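See structure below.
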Amino acid sequence: MKTISPALEVISNSYGSSFTYIKHAEKTNIKSHVWHYHPEIELVYINGGAGKRQIGSHVSYYTNGSLILIGSNLPHCGFTNEQTGNTTETVIHIKPEFLGNDFFSAPEMKKVQNILSQAKGGIAFGGETKKKLGKKIEMMEDQLPFERLLTLLSILNELDASEDYTVLNADGFSLELQTQDNDRINVIFNYVKDHFQESIAIDEVSSLVSMTTPSFCRYFKKISNKTFTEFVNEYRLVHASKLLAEKPISINEVCYESGFNNFSHFSKSFKQYTGKSASQYRHEHKIIIS
Numbered sequence: 000m001k002t003i004s005p006a007l008e009v010i011s012n013s014y015g016s017s018f019t020y021i022k023h024a025e026k027t028n029i030k031s032h033v034w035h036y037h038p039e040i041e042l043v044y045i046n047g048g049a050g051k052r053q054i055g056s057h058v059s060y061y062t063n064g065s066l067i068l069i070g071s072n073l074p075h076c077g078f079t080n081e082q083t084g085n086t087t088e089t090v091i092h093i094k095p096e097f098l099g100n101d102f103f104s105a106p107e108m109k110k111v112q113n114i115l116s117q118a119k120g121g122i123a124f125g126g127e128t129k130k131k132l133g134k135k136i137e138m139m140e141d142q143l144p145f146e147r148l149l150t151l152l153s154i155l156n157e158l159d160a161s162e163d164y165t166v167l168n169a170d171g172f173s174l175e176l177q178t179q180d181n182d183r184i185n186v187i188f189n190y191v192k193d194h195f196q197e198s199i200a201i202d203e204v205s206s207l208v209s210m211t212t213p214s215f216c217r218y219f220k221k222i223s224n225k226t227f228t229e230f231v232n233e234y235r236l237v238h239a240s241k242l243l244a245e246k247p248i249s250i251n252e253v254c255y256e257s258g259f260n261n262f263s264h265f266s267k268s269f270k271q272y273t274g275k276s277a278s279q280y281r282h283e284h285k286i287i288i289s
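Reminder that position 33 of the sequence shown reads as 32 in numbering that gives the first Met the number 0, one-by-one numbering, no gaps.
What follows is the structure, encoded as structure tokens:
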């Protein structure tokens, strides 16, 4: 079976700058289906809307926009598509050494160095942090290069001070390029992404990465801090959340389109995962449905 590894995205710095700053209008950065990575650290602010986040082994559904910091070489999909409903998406890419190998070793840069280190597992920020720093990120569009650099350092410093954040992947989770782990995880993630609506047998997936089923189960738990079954169910539940918010189809259809073959199991799992019934979730997000 042919599998597709995440594509290396080659990124060039903005003119006259040591990093890349791009502000996309609605629907112009549609990469939600593209599994990719790059050595640059990525800071993304999505202004409004709702959609799916897949970063490393983490998958979730965001609402009211998103502010995310993604570490170097951490594979992820894009975050917006035609249904997201965001007004803009601003993406900043910085190389880990973009200001020199020793710059972040300076005492004044301790907080910035700390947040960049935490970003290895991906970080999502919420509440006032997302609102306040999202505005600062968008304001950078009209700044001159030097002022823009100072604003970026200020934003990174404030991100480290935030208490409203979630580290998305297990401690130590990162994919180093050209390693056996990278190849295995690529195969596993792509298989789930392409087959989550079907029945997935663990022994079939383990054979794809040339492992026995017990070894595969131990390996996946060690890498992602969750069982393979938990990962697949989580992927399906996030897809169900997306369908409930974006498509005016019946909840029964949502259940089966998300890969569940038992409505009772789906209802119970969805309630445990979100804290709400599917109908409650849809009612709270009905404004998103087109």
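For each residue, glycine too, the CB sits at the ideal point set by N, CA and C.
The structure displayed is predicted, hence computed values, not measured ones.
- [ ] Report the rounded CA-to-CA distance for Ser65 versus Thr87, giving the unit in angstroms.
- [x] 11 Å
TODO: Can you grab the Cα-Cα spacing for the pair Ile91 / Gly55, in whole Å?
DONE: 19 Å
TODO: Please classify Glu175: does DSSP put it in a helix, a strand, or coil?
DONE: Its pLDDT being 45, under 50, Glu175 is placed unreliably in this model, and the coordinates cannot settle the point.
Task: Option nearest Leu297 by Cα separation, candidates Glu137, Tyr164, His23, Lys51 - done: Residue 297 is absent from the structure shown; the chain starts at 0 and stops at 289.
- [ ] Per DSSP, which residues does Val58 bridge with? Please list them.
- [x] Gln53
- [ ] Check whether the Cβ atoms of His238 and Ser268 sit closer than 7 Å, and answer yes or no.
- [x] no
Task: Continuous alpha helix (DSSP H) stretch holding Ala160: start and end - done: 144-160
- [ ] Over the uninterrupted alpha helix (DSSP H) stretch that includes His238, give me the two end residues.
- [x] 227-245
TODO: Would you kindly work out how many angstroms separate the C-alpha atoms of Ile21 and Phe102, rounded to a whole number?
DONE: 24 Å
Open item on the list: Is the beta carbon of Ala118 closer than 7 Å to that of Leu167?
Closed with: no
Task: Coarse secondary structure for Ala200, derived from DSSP in three states - done: coil
- [ ] Look up Ile122 in the DSSP assignment and give the residues it is bridged to.
- [x] Leu68, Val166
- [ ] From the DSSP output, read off the bridge partner residues of Leu42.
- [x] Leu68, Ile91
- [ ] Measure how close the beta-carbons of Pro74 and Ile40 come, nearest whole angstrom, since I'm counting them as under 8 Å.
- [x] Not quite, the Cβ-Cβ distance comes to about 14 Å (not below 8 Å), so this is no contact.
Open item on the list: Between Arg147 and the ligand NAD, is there a pair consisting of the residue's CB and a ligand heavy atom that are separated by less than 6 Å?
Closed with: As for the ligand NAD, it is missing from this structure, which has no ligand bound.
Task: Cβ separation of Thr212 and Ile201, assumed to be a contact under 8 Å, to the nearest whole Å - done: 6 Å
Task: Limits of the alpha helix (DSSP H) - the one that Ile222 falls within - done: 212-223
TODO: Would you mind listing the alpha helix (DSSP H) stretches within the segment 246-272 that are 4+ residues and don't spill past its ends, in chain order?
DONE: 250-256
Task: Asn185 versus Asn113, Ser276, Phe219, residue with shortest Cα-Cα distance - done: Phe219
Task: C-alpha distance - Ile154 paired with Gly121, whole-angstrom precision - done: 16 Å
Open item on the list: Please identify the residue among Phe262, Lys225, Ala49 whose C-alpha is closest to the C-alpha of Ser371.
Closed with: Since the first residue shown for the chain is 0 and the last is 289, residue 371 is missing from the structure and cannot be characterised.
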